[in-house]
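Worksheet for the structure shown next.
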Amino acid sequence: MNVNIIETRGLGKRYGSTWALRECSLAVPAGHVAALVGPNGAGKTTLLNLAVGLAEPAAGTVTVLGGLAAGSPAALDGIAFVAQDTPVYKNLAAAEMLHLTRNLNRRFDQPYAEARLAELGIPLNRKAGKLSGGQRAQLALTLALARRPRLLVLDEPVAMLDPVARHDFMASVMTAMAAEGVSVVLSSHVLADLERVADYLIVLSRGRVQVAGEVDGLLASHRMLTGPTAEADRYAERPVVHVQRGGAQTHLLVRASADDPVPPGWEAHPVGLEELTLAYLREPGAGALPGPARAQNTQPSEVTR
Amino acid sequence: MTALTVPARPKRDTSLRPVPWRRMAWVTWRQHRAALGGVAAFLGALAGYLWLTGLQMHHAEAASCHPAGSLGCAINFTGRYGESAIIVSIALQAVPALIGAFTGAPVLARELETGTFRYAWTQGIGRLRWTVGKLVPLAVAVTAMAGAFTVLFAWYNQPWAAAGYAVPFSARIFDLLGVAFAAWTLAAFAIGALAGMLIRRAVPAIAVTLAAYAGLAFATGLWLREHYITPLVTRSPNPPGSAWAVNGWYTKGGAFAFDDHGNGIASTVRQLCGGRCSGTRTSLEQLLGQHGYTHWTSYQPASRFWTFQWIEGGWLLALSVILILVTVWLVRRRAA
Chain A
473 MNVNIIETRG
483 LGKRYGSTWA
493 LRECSLAVPA
503 GHVAALVGPN
513 GAGKTTLLNL
523 AVGLAEPAAG
533 TVTVLGGLAA
543 GSPAALDGIA
553 FVAQDTPVYK
563 NLAAAEMLHL
573 TRNLNRRFDQ
583 PYAEARLAEL
593 GIPLNRKAGK
603 LSGGQRAQLA
613 LTLALARRPR
623 LLVLDEPVAM
633 LDPVARHDFM
643 ASVMTAMAAE
653 GVSVVLSSHV
663 LADLERVADY
673 LIVLSRGRVQ
683 VAGEVDGLLA
693 SHRMLTGPTA
703 EADRYAERPV
713 VHVQRGGAQT
723 HLLVRASADD
733 PVPPGWEAHP
743 VGLEELTLAY
753 LREPGAGALP
763 GPARAQNTQP
773 SEVTR
Chain B
-12 MTALTVPARP
-2 KRDTSLRPVP
8 WRRMAWVTWR
18 QHRAALGGVA
28 AFLGALAGYL
38 WLTGLQMHHA
48 EAASCHPAGS
58 LGCAINFTGR
68 YGESAIIVSI
78 ALQAVPALIG
88 AFTGAPVLAR
98 ELETGTFRYA
108 WTQGIGRLRW
118 TVGKLVPLAV
128 AVTAMAGAFT
138 VLFAWYNQPW
148 AAAGYAVPFS
158 ARIFDLLGVA
168 FAAWTLAAFA
178 IGALAGMLIR
188 RAVPAIAVTL
198 AAYAGLAFAT
208 GLWLREHYIT
218 PLVTRSPNPP
228 GSAWAVNGWY
238 TKGGAFAFDD
248 HGNGIASTVR
258 QLCGGRCSGT
268 RTSLEQLLGQ
278 HGYTHWTSYQ
288 PASRFWTFQW
298 IEGGWLLALS
308 VILILVTVWL
318 VRRRAA
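Sequence order for the protein chains is A and B. According to our numbering, the first sequence is numbered sequentially starting from 473. According to our numbering, the second sequence is numbered sequentially starting from -12.
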């Protein structure tokens, strides 16, 4: 699919006098599991609320599913959203939550939803309020998937879950992604949750997009250089994202591919996603963003330092 | 409608067929049947009490009060049931407020309080349909139940009206009769819905609804209602039949004895008596009569009762519609 599942231009949202999100321009292509990461208060929830139509932009525009206005009937029809802490009606049984969701949507795959809950061992007659955190998250995910969305948006879906439930939940998301080709955007302040599943990365920091791009492309275009501290400041071949000085050795995260020359006395290593994300989060001034004209191009095109 | 498979790319059709209203009706019923059941049980219990005491009252009135004003009527009817009938009519004043606050305020407040609005407002039905599909049927349901209750109360009140006591225009009876009771219930529901949307918490929203309702009801009873139609004026201290005496005043040669708040009574009396009045048994009425003053009374004739009912029902309906529209508008534009 060659559409942008979420596209924003100069998007901004203000609460009172503080901007929760500003000048956010993004184009997330369909067919990805996109991870939205950033510290608490970076604007992740704000961005997702804007994308699902729960919030109105103060500036700029946001479209979804290839150009539909966020929050429009057609957009709501194609997006399933699981909000933070997976809100469900506590006094309703799981079966009633299915029935409710079925009645609130044009499509609902009842057999799929029932089979999935049975598989997970969630009794249909159990009140949603009596389910464990993991079961509740799975119920909310089931409701979302049974709507057969084109885009699944999950806001901090695993924040409240224990490690096993966390693993199971992510496995469910991946299965759905593989089986139904649904695009996924999910947020977390813990990158480790998303590292295994995400193939697209968006790093938000202080209300601004810092990094956006396909994971493979980002990893291929960054290298960790290790060399003597005394020579660290002389490195200028490639843009440096982050410098980590040690007593004798210094690590430089640089924008460079495997083909780029390595200065004598230095060693180059590939970087991991977490390393890369942390480096950018520690350098709020740095960014790796695709140029606007090549929104769907995976190669980040500019770096500032 | 269930679909096992979904086309990889649904048509980018902005004129999607919306989710039918009847499905929203199921949602509303499922989520608010407890509240509606509570209202039905509450009104049912009150109705049971009115029915039982009403039967006894009807029997007593039929047996003892023909002719009305007989001693038997005073003992067996007025004396025995009068106090409880007054208490009932006063207590019922609170019923529309309670029904409206407890059904209207939580509709949106509970969603906002528990965060479930983030589920409800991102479903395919859209939040406009969701909100209208909740507020309108609930408003109609509570109004209908209140309307049914009014019919019973009118029957309960019949013997008193017949005996000339609880005249339909009296302040504690008017809004329990006709369309007023249902209209006040609807208004309370609409106030509750808006308060819930603004305050976002169910319990404070209920409290604010009760306070706002009380203010509106008192203002209406004390100042507003008498102005629906310009009152008639008579030269008699007692307006005809079971009319509603709104105000009274005395004039002589075009001059008022005192203003209609009673300011100036003391000085007028002192002037007329020349200081010799204290200790006499002369009433104000007699004193002013002796000095050639005319007693005027403004009143609303009993024949205007239904006109007043429709006026009050009409503006309350208009107010409720406006409040519900504002609520829907707020839901549409509210930023999460």
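Backbone N, C-alpha and C fix where the C-beta goes; we use that ideal spot for every residue, glycine too.
Write down the C-beta distance between residue i and residue j rounded to the nearest angstrom, noting that I regard them as a contact closer than 8 Å.
| i | j | result |
| --- | --- | --- |
| F136/B | L39/B | Actually they do not touch by this definition, with Cβ atoms about 15 Å apart. |
| V500/A | V675/A | With a Cβ gap of about 13 Å, V500/A and V675/A do not count as contacting. |
| W293/B | G179/B | The pair is not a contact, with the Cβ atoms about 28 Å apart (cut-off 8 Å). |
| L173/B | A126/B | 6 Å |
| G510/A | H661/A | 7 Å |
| T101/B | P629/A | The Cβ separation is near 18 Å, so there is no contact. |
| L564/A | L576/A | Going by Cβ atoms, the distance from L564/A to L576/A rounds to 13 Å, so no, they are not a contact pair. |
| V524/A | T109/B | 5 Å |
| K239/B | G279/B | 5 Å |
| P224/B | G235/B | 7 Å |
| S659/A | K516/A | 4 Å |
Put residue i into one of helix, strand or coil per three-state DSSP.
| i | result |
| --- | --- |
| K516/A | helix |
| N597/A | coil |
| F395/B | The structure shown does not extend to residue 395/B, since chain B spans only -12 to 323, so no value can be given for it. |
| V475/A | coil |
| C52/B | coil |
| P93/B | helix |
| M696/A | strand |
| H19/B | helix |
| W108/B | coil |
| N577/A | coil |
| K562/A | coil |
| E755/A | coil |
| V630/A | coil |
| R4/B | coil |
| N234/B | strand |
| R486/A | strand |
| S57/B | coil |
| R257/B | helix |
| P501/A | strand |
Is it buried or exposed, residue i, if we count other Cβ atoms within 10 angstroms and call 16 or more buried?
| i | result |
| --- | --- |
| Q277/B | exposed |
| H19/B | buried |
| E682/A | The amino acid at residue 682/A is misidentified as Glu; the sequence shows Gln. It counts as buried. |
| Y106/B | buried |
| H46/B | exposed |
| R717/A | exposed |
| E70/B | exposed |
| S76/B | buried |
| N476/A | buried |
| W231/B | buried |
| N521/A | buried |
Report the rounded CA-to-CA distance for residue i versus residue j, giving the unit in angstroms.
| i | j | result |
| --- | --- | --- |
| E709/A | E703/A | 13 Å |
| S773/A | Y752/A | Because S773/A carries a pLDDT of 39, less than 50, the predicted location of this residue cannot be relied on, and no value is offered for it. |
| A541/A | P5/B | 17 Å |
| G41/B | A22/B | 28 Å |
| A546/A | G538/A | 11 Å |
| H714/A | L750/A | 9 Å |
| T51/B | V154/B | Inspection of the sequence shows that residue 51/B is occupied by Ser rather than by Thr. Taking the straight line from one Cα to the other gives about 20 Å. |
| W316/B | E98/B | 16 Å |
| A328/B | A631/A | Past the boundaries of the shown model lies residue 328/B; chain B is included only from -12 to 323, so the question cannot be answered. |
| T518/A | G685/A | 20 Å |
| I74/B | G25/B | 23 Å |
| I309/B | L303/B | 10 Å |
| L275/B | N250/B | 16 Å |
| E739/A | D731/A | 13 Å |
| R(-1)/B | R17/B | In this predicted model, R(-1)/B has a pLDDT of only 49, less than 50, meaning its place in the structure is not dependable enough to derive any value. |
| R494/A | A514/A | 11 Å |
Using a C-beta to C-beta distance shorter than 8 Å, which residues of chain B count as neighbours of residue i?
| i | result |
| --- | --- |
| L576/A | V6, R10, M11, V14, A107, Q110, G111, I112 and W117 |
| E568/A | R17 |
| T573/A | Q110 |
| P555/A | In the sequence as displayed, the identity of residue 555/A is Ala instead of Pro. Near A555/A (Cβ distances below 8 Å), the residues of chain B are G102, R105, Y106 and T109. |
What residues from chain B crowd round residue i, counting only those whose CB sits closer than 7 Å?
| i | result |
| --- | --- |
| D665/A | The contacting residues do not exist; D665/A stays about 20 Å from chain B at best. |
| P559/A | T101, G102, T103, R105 and Y106 |
| A531/A | Correct list: empty, because the minimum Cβ distance to chain B is about 13 Å. |
| V524/A | T109 |
Determine the chain A residues that contact residue i at a beta-carbon separation under 8 Å, and present them in chain order.
| i | result |
| --- | --- |
| L3/B | P545, A546, D549 and R578 |
Residues of chain A with CB closer than 9 Å to the CB of residue i, please, in chain order.
| i | result |
| --- | --- |
| R320/B | E528 |
Run through chain B and tell me which residues come within less than 9 Å of residue i, C-beta to C-beta.
| i | result |
| --- | --- |
| R619/A | Q110 and G111 |
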